[in-house]
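Data block below; observations after.
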DNA sequence: TCATGATGTTGCATTAATGCTACATAGCAT
DNA sequence: ATGCTATGTAGCATTAATGCAACATCATGA
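Chains as they are written, first to last, in the working numbering: chain A, 38 to 118; chain B, 38 to 118.
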């Protein structure tokens with residue numbers, strides 16, 4: 038499995054989308070609808086196969102009621118918050 | 038002049054990169070070096086001709102010692118902070 | 001059993017973001 | 001006048017992010 042490749046190779050972006058989404062009881066399709074993207078895109082992001090554009094990150098953060106910095110990071114998240 | 042077009046048309050992203058950069062006494066080239074991008078890319082972003090990837094937004098925020106949400110927004114910034 | 005929903009996988013097409021080069025302009029020193 | 005720095009503009013090439021479709025798997029529930 039490939040890591041999320043930004044335009045700057047070897048610089049993955051980690052996220053807690055799935056954790057936040059599940060905590061709200063949302064399916065990927067639900068979140069995709071709220072964020073206005075294809076449901077597969079949520080899957081790719083949760084699997085960290087690529088990192089989103091800033092606009093998408095902003096939309097997802099809003100849909101999940103989180104700050105961008107709470108959801109996305111260049112350094113891995115510790116588990117369980 | 039075109040507004041920044043994300044992959045979702047008609048959804049610009051506003052930013053305060055220039056304001057924050059100038060406040061630190063940095064040239065675009067300086068900021069570009071710190072963020073690891075081409076200096077023209079900073080220019081495009083400051084003119085809001087396009088919106089950055091999330092990774093780039095994170096790197097710029099770090100280079101400017103600001104939160105992503107302080108630098109980028111889907112709604113226009115009020116002037117002077 | 002059958003259906004349905006949620007998720008994973010693969011593949012293809014489109015386009016925006018970025019790198020890079022070259023040139024122009026304006027200001028500010030010297 | 002000459003040079004240097006910062007910036008704007010334009011064009012071209014590459015690639016990652018996204019949309020979308022098809023199919024598979026696995027639960028769960030009727």
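C-beta atoms are modelled at their ideal positions from N, C-alpha and C, and glycine is treated no differently.
Where residue i falls: helix, strand or coil (DSSP)
i	result
residue 106 of chain A	helix
residue 2 of chain A	This structure cannot settle anything about residue 2 of chain A, because the visible part of chain A is limited to 38 through 118.
residue 51 of chain B	strand
residue 118 of chain A	Confidence at residue 118 of chain A is low in this model, with a pLDDT of 48, below 50, so its placement is unreliable and no value can be given for it.
residue 64 of chain B	coil
Rounded separation between residue i and residue j - CA only
i	j	result
residue 69 of chain B	residue 73 of chain A	32 Å
residue 115 of chain A	residue 61 of chain A	20 Å
residue 84 of chain B	residue 65 of chain B	12 Å
residue 100 of chain B	residue 77 of chain B	17 Å
residue 50 of chain A	residue 95 of chain A	15 Å
residue 103 of chain A	residue 87 of chain A	20 Å
residue 63 of chain B	residue 89 of chain B	19 Å
residue 111 of chain A	residue 81 of chain B	23 Å
residue 59 of chain A	residue 75 of chain A	18 Å
residue 52 of chain A	residue 97 of chain A	11 Å
residue 79 of chain B	residue 71 of chain B	11 Å
Exposure of residue i, with buried meaning 16 or more beta-carbon neighbours within 10 Å
i	result
residue 91 of chain A	buried
residue 113 of chain A	exposed
residue 105 of chain B	buried
Proximity of residue i and residue j at Cβ, strictly below 8 Å
i	j	result
residue 93 of chain A	residue 57 of chain A	no
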